[in-house]
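Here's the structure we're looking at; comments come further down.
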Amino acid sequence: MPHESMESNSKRSFLKYLMVFVSGLIGVFSSWGIARFVFSGTRQKVDRTIPTELFKSISSGKPYFIPHAEVWIVKGSNLSNSIALDDRCTHLGCRYKWNDSKGIFECPCHGSEFDIQGHVLRGPASRPLKSLFLAETSEQILRISDHPHN
Ligand code: FES
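Okay, so the sequence shown: first residue is 192 according to the working numbering, each after it adds one.
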């Protein structure tokens, strides 16, 4: 009997250490995820270039989504009066969508609405959508950036 008891204690100890180890791992990975979100956001580096031909093919007056660049293009009569809008809501970062029948951008998470220029129509978002600059880098490529001369 004492032999079984020692074996049982040893199994319990092993399970206890295993649980502590697994809990520690979960804690480390959770902290890393939270720190990554807080300090650097959740986005990976995005390719913010588009072929000039693609831009030329976009109709003006209706937002056009470019998935790889994670932007909505609102094309004007030329490049200088066209805008690119970052595809994340300024409330908590959800991806918003264009509602063609209403003519507005809508965020599915908490109901914020924005006009075609990215201005807030309805909260909880309090800031307009992030507007980016479009610039020609060559005859075939347009760059989308935070600054007008990048
Ligand atoms: S993240 Fe868009 S309304 Fe909250």
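Where a beta carbon is used, it is the ideal one built from N, C-alpha and C, also for glycine. In this text the structure is predicted, and so the values were computed from the model without any measurement.
Rounded distance between the beta-carbons of residue j and residue i, thought under 8 Å
{"i": "residue 180", "j": "residue 260", "result": "Since the first residue shown for the chain is 192 and the last is 341, residue 180 is missing from the structure and cannot be characterised."}
{"i": "residue 276", "j": "residue 320", "result": "5 Å"}
{"i": "residue 327", "j": "residue 245", "result": "Actually they do not touch by this definition, with Cβ atoms about 13 Å apart."}
Counted within 10 angstroms of its Cβ, other Cβ atoms place residue i as buried (16 or more) or exposed
{"i": "residue 236", "result": "exposed"}
{"i": "residue 253", "result": "exposed"}
{"i": "residue 309", "result": "buried"}
{"i": "residue 318", "result": "exposed"}
{"i": "residue 292", "result": "exposed"}
{"i": "residue 303", "result": "buried"}
{"i": "residue 306", "result": "exposed"}
{"i": "residue 278", "result": "buried"}
{"i": "residue 312", "result": "exposed"}
{"i": "residue 323", "result": "buried"}
DSSP beta-bridge partners of residue i
{"i": "residue 288", "result": "297"}
{"i": "residue 242", "result": "332"}
{"i": "residue 313", "result": "304"}
{"i": "residue 257", "result": "262"}
{"i": "residue 274", "result": "265"}
{"i": "residue 279", "result": "286"}
{"i": "residue 322", "result": "276"}
Any non-hydrogen atom of the ligand ADP within 7 Å of residue i CB
{"i": "residue 316", "result": "You won't find the ligand ADP in this model; what it holds is the ligand FES."}
**OP:** Indicate whether the contact test is met: 3 or more Cβ pairs, each with one atom in the region 238 to 245 and one in the region 254 to 273, closer than 8 Å.
**Re:** Here the region 238 to 245 makes contact with the region 254 to 273; the two share three or more CB pairs at distances below 8 Å.
Original post:
Hey, which residues come within less than 7 Å of the ligand FES, measuring from Cβ to any heavy atom, in chain order?
Top reply: Every residue whose beta carbon comes nearer than 7 Å to a heavy atom of the ligand FES appears here in chain order: 280, 282, 283, 284, 285, 287, 298, 300, 301, 302, 303, 315, 316.
Original post:
Counting pairs of beta carbons, one from the region 263 to 270 and one from the region 279 to 286, are three or more of them closer than 8 Å?
Top reply: The answer is no - the region 279 to 286 does not touch the region 263 to 270, with fewer than three Cβ pairs under 8 Å.
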